[in-house]
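S.K.:
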C-alpha cells in the first residue's frame, strides 16, 4: 500500500514539538485558543445538547469541553468547523464546574453550608437554573441577586411558583428560538464522601431528566467513569435509565491522539507552512484558516497519519522492528487497562521525546530519536500517575506496596502486600486530601480486599489476565510505580 511521502526538516520540527502545550489539567472556565481545539468525530455526539450524560476519564476533555461550550467564541468556532447538530441558538451557562467565584453557581463549600442549614439539593439546583434562565431573559429575580442562601430558601418555600417560572422561561426561550444548556462538570468535588456526592448528584440528574421534557432547557453532565456505574445508588431514581441509555463517551482513538500532535504542527508559526505543503502533496489540502486557525482535513486517512508520525519519529522503536512499530507502540504503552488514552499523555510523551532528542541526539535524521520516544513514554507515565494520585489518593499506597513485584499477580499475592496498615494509609490519604475513598470498598460492609481489586479494575489500573486467575497492569501505571513485567518498558531507576 502506497503511503504519502512526508519530509520534515528534523531540527525545525523537533523545536516545534518542544513547544507542544502540556498542562496538568484544564482547571478553569477560561476557553482554549482556537488552534488548540481538536475535535475527534466521537466527540461531536458528546457536544450535542441532546446528550445529557457524557462520560470521560481524567484528561479526556470533560473540563476542556465545558470551557469550550461555555464560551460564545469557541462554541461558534466548533459549530462552524464541525457542523454540529443542535448548536444553533444555544445559550450556554455553567451549573457547576471549575470556578470559585460563587457567581454562576454556588461552590462546593457553599453547597455544604446550604445543606448544613437544612436546605435540600433539589432546591439548590433549581435555584441555579432559575437564576440563569431569568438572567438570559432579563427578568427580575424573586430573590436577591448575589445571595445563594436567600435564593435557595425562596425556591424551597415556593416550589409551585418555581415550576411556573421555569415553564414560562422555557416557553419564552422556545419562542425566541433559543435553547438554554446548563453544564455540570467536576461533580466529584461536591463532597468528601460517596454518600454526600450521591445525594447532591442525584438531585442534579433528576433536574436534568425533568428538563428533557421541556422544549428549550437542557442539562449536560460531564462525569467520571466511576460515577456512571449503573448499579450505583446515584441512579436509583425513576427513569434514570433514560439518561444512561443516551450517554456519550469522550473516547480517543490513536488517530485522534496523533491528530492533536499534527494539529499543533499545522498551526505552528515556525513549521506550519512546511507542514501544510506536505499535506497538499499528500492529497490532503487543509483549505483556508478559519479565524486564524487551520483544521486537519476530515478525509485524512490513517495511512496519512501513520506516515506523518513515522516521518517525525521513524518507523520503529529501536534499530529494527523487533522492539515494535512506533505508530502502535506509543499508544499501546500510553493506554490504561481498558485501552483508553488521553491527549495529555501523548502531548507530554512527544514533548519529552523532542527535548531528549535535542539534548542527546541532535544530529538524528528524524525529529525524534527512538530512545527519546521511550523516555517520553516513561515521563508520560509519571504524569499520569501524579494525576491518578490527585484524583484518587488511595491508589498511591496500594500501588507503592507492589514496588519491585512482577505482574501478573494472583489475588493472594496482591492481598499479601496490602496489609491492614497499607489499607488504612490508603483511606487516610483520601480523607486528608478531601477526595472520595474507593467506591466499592467503602460501600462494602465487610471491607474485603476483593473490593479494592474491583475498584482498581474499575479505574482500569488493573485487569484480569486471560486465565482469569491473575491481575496485570498497563505500562502507563506499572512503569512509574517500579513494577516489573517481562518484556515491558523498564521502570526508571
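Residue numbers (the numbering used here): -6 to 486.
Quick reminder that beta carbons are idealized off the backbone N, C-alpha and C, glycines included.
(1) If you compare alpha carbons, which of 367, 419, 418, 392 is closest to residue 464?
(2) Does the stretch 233 to 250 come close enough to the stretch 323 to 339 that 3 or more CB-CB pairs lie under 8 Å?
(3) Report the rounded CA-to-CA distance for residue 158 versus residue 450, giving the unit in angstroms.
(4) Identify, in the order they occur along the chain, each residue of the same chain with its Cβ nearer than 8 Å to the Cβ of residue 227, setting aside the five sequence neighbours on each side.
(5) Specify the secondary structure class of residue 394 as computed by DSSP and reduced to three states.
(6) Less than 7 Å between C-beta atoms, sequence neighbours within five positions excluded: which residues of the same chain meet that for residue 390?
(7) Are the stretch 161 to 178 and the stretch 403 to 414 touching by the rule of at least three beta carbon pairs closer than 8 Å?
(8) In the DSSP assignment, the alpha helix (DSSP H) including residue 70 goes from what residue to what residue?
(9) Measuring straight from C-alpha to C-alpha, what distance separates residue 88 and residue 97?
(10) Within the same chain, show all residues whose beta-carbon is closer than 8 Å to that of residue 240, passing over the 5 residues directly before and after it, in chain order.
(11) Between the alpha carbons of residue 344 and residue 294, how many angstroms are there, rounded?
(12) Roughly how many whole angstroms lie between the Cα atoms of residue 120 and residue 51?
(13) Apply the 10 Å Cβ neighbour rule to residue 213 and answer buried if 16 or more other Cβ atoms are within range, or exposed otherwise.
(14) When you compare the stretch 58 to 65 with the stretch 274 to 289, are there three or more beta-carbon pairs, one atom per stretch, that lie closer than 8 Å?
(15) Quick check: what's the CA-CA separation for residue 485 versus residue 370?
(16) Rounded to a whole number of angstroms, what is the C-alpha to C-alpha distance between residue 360 and residue 3?
(17) Check this for me: beta carbons of residue 339 and residue 320, under 9 Å apart or not?
(18) For residue 87, which beta-bridge partners are listed by DSSP?
(19) Counting pairs of Cβ atoms below 8 Å between the stretch 172 to 182 and the stretch 81 to 95, do you hit three or more?
(20) Out of curiosity, what's the CA-to-CA distance linking residue 455 and residue 12?
(21) Within a Cβ cutoff of 8 Å, which residues of the same chain sit near residue 139, ignoring the five residues on either side of it in sequence?
(22) Have a look at residue 289 and residue 376 and give me their C-alpha separation to the nearest angstrom.
(23) Apply the 10 Å Cβ neighbour rule to residue 502 and answer buried if 16 or more other Cβ atoms are within range, or exposed otherwise.
(24) Nearest to residue 381 by CA position, among 246, 217, 305, 476, is which residue?
(25) Can you look up residue 46 in the DSSP assignment and give me helix, strand or coil?
(26) For residue 433, collect the residues of the same chain with a Cβ closer than 6 Å to its Cβ; drop the 5 residues on either side in sequence, then sort them by chain order.
(27) Tell me residue 309's beta-bridge partners as DSSP assigns them.
(28) Out of 442, 435, 427, which one is the CA nearest neighbour of residue 404?
(29) So, under 8 Å CB-CB, residue 71 and residue 40 are touching, yes? Tell me the CB distance rounded to an integer number of Å.
(30) Quick one, which of 68, 21, 131 has its alpha-carbon nearest residue 94's?
(31) Helix, strand or coil for residue 463 per DSSP?
(32) Opposite residue 341 in the DSSP bridges: which residues?
(33) In whole angstroms, what separates the C-alpha of residue 476 from that of residue 243?
(34) Whose C-alpha, out of 472, 372, 436, is nearest the C-alpha of residue 400?
(35) Grab the span of the beta strand (DSSP E) containing residue 210 for me, first residue to last.
M.R.: In brief:
(1) Position 471 of the chain shown, counted from the first residue, corresponds to residue 464. Among 367, 419, 418, 392, the Cα nearest to that of residue 464 is on 392.
(2) yes
(3) One-based indexing of the chain shown puts residue 158 at position 165. One-based indexing of the chain shown puts residue 450 at position 457. Cα-Cα distance, rounded: 46 Å.
(4) Within the chain shown, residue 227 is the residue found at index 234, counting from 1. Closer than 8 Å at the Cβ level, and outside the excluded window around residue 227, lie 190, 191, 194, 195, 198, 220.
(5) Residue numbering aside, residue 394 sits at position 401 when the chain shown is read from its first letter. Note: residue 394 maps to coil in three-state DSSP.
(6) Here residue 390 refers to the residue found at position 397 of the chain shown. Answer for residue 390: 415, 418, 419, 422, listed in chain order.
(7) Cβ pair count under 8 Å is below three, so no.
(8) As a position in the chain shown, residue 70 is number 77, starting the count at 1. Start and end: 65 to 75.
(9) If you number the chain shown from 1, residue 88 lands on position 95. If you number the chain shown from 1, residue 97 lands on position 104. Each residue's alpha carbon lies about 7 Å from the other.
(10) Locating residue 240 in the chain shown gives position 247, counting from the first residue. Excluding sequence neighbours, residue 240 sits near 44, 45, 46, 47, 48, 221.
(11) Residue mapping note: residue 344 aligns to position 351 of the chain shown, counting from 1. Residue mapping note: residue 294 aligns to position 301 of the chain shown, counting from 1. So the two alpha carbons sit approximately 24 Å from each other.
(12) In the chain shown, the residue the question calls residue 120 occupies position 127. In the chain shown, the residue the question calls residue 51 occupies position 58. Straight through space, the alpha carbons of residue 51 and residue 120 are spaced by roughly 29 Å.
(13) On the chain shown, position 220 is the one that residue 213 refers to. With 16 or more Cβ atoms within 10 Å of its Cβ, residue 213 is classed as buried.
(14) no
(15) The residue labelled residue 485 in the question sits at position 492 within the chain shown. The residue labelled residue 370 in the question sits at position 377 within the chain shown. Per-residue confidence for residue 485 stands at a pLDDT of 47, beneath the threshold of 50, marking its modelled position as unreliable; the derived number appears in the next sentence. Cα to Cα, residue 485 sits roughly 11 Å from residue 370.
(16) What you label residue 360 is simply residue 367 of the chain shown in a count that begins at 1. What you label residue 3 is simply residue 10 of the chain shown in a count that begins at 1. One C-alpha to the other measures close to 4 Å.
(17) Locating residue 339 in the chain shown gives position 346, counting from the first residue. Locating residue 320 in the chain shown gives position 327, counting from the first residue. No, the pair does not count as a contact, with Cβ atoms beyond the cut-off.
(18) By one-based count along the chain shown, residue 87 stands at place 94. 176, per the DSSP bridge assignment.
(19) Taking 8 Å as the limit for Cβ pairs, the verdict is that the stretch 81 to 95 does touch the stretch 172 to 182.
(20) What you label residue 455 is simply residue 462 of the chain shown in a count that begins at 1. What you label residue 12 is simply residue 19 of the chain shown in a count that begins at 1. Between residue 455 and residue 12, the C-alpha separation is close to 33 Å.
(21) Here residue 139 is taken as the residue at index 146 of the chain shown, counted from 1. Here the set comprises 96.
(22) Reading the chain shown from its first residue, position 296 is the one you call residue 289. Reading the chain shown from its first residue, position 383 is the one you call residue 376. Going from the Cα of residue 289 to the Cα of residue 376 covers about 28 Å.
(23) Residue coverage of the chain in this structure runs from -6 to 486, which leaves residue 502 outside it and unanswerable.
(24) As a position in the chain shown, residue 381 is number 388, starting the count at 1. The residue with the shortest Cα to Cα distance from residue 381 is 217.
(25) Here the question's residue 46 lines up with position 53 in the chain shown. Of the three classes helix, strand and coil, the one that applies to residue 46 here is strand, per DSSP.
(26) In the chain shown, counting from the first residue as 1, residue 433 sits at position 440. Only 444, 447, 448 meet the Cβ criterion.
(27) As a first step, residue 309 is located in the chain shown; it is residue number 316 there, counting from the start. Residue 309 pairs with 318.
(28) As a first step, residue 404 is located in the chain shown; it is residue number 411 there, counting from the start. Of 442, 435, 427, the residue nearest in Cα terms is 442.
(29) Mapped onto the chain shown, residue 71 falls at position 78. Mapped onto the chain shown, residue 40 falls at position 47. So it is a contact: roughly 7 Å between Cβ atoms.
(30) Position 101 of the chain shown, counting from 1, holds the residue named residue 94. Here the closest residue by C-alpha is 21.
(31) Counting from one through the chain shown, the residue named residue 463 turns up at place 470. In this structure, residue 463 counts as strand in the three-state DSSP scheme.
(32) Taking the first residue of the chain shown as 1, we reach residue 341 at position 348. In DSSP, residue 341 forms no bridge with anything.
(33) By 1-based counting over the chain shown, the position of residue 476 is 483. By 1-based counting over the chain shown, the position of residue 243 is 250. Distance between the alpha carbons of residue 476 and residue 243: 29 Å.
(34) As a working note, residue 400 is residue 407 in the chain shown. Of 472, 372, 436, the residue nearest in Cα terms is 472.
(35) Within the chain shown, numbered from 1, the residue matching residue 210 stands at position 217. Taken as a continuous stretch (DSSP letters only), the beta strand (DSSP E) holding residue 210 covers 210 to 216.
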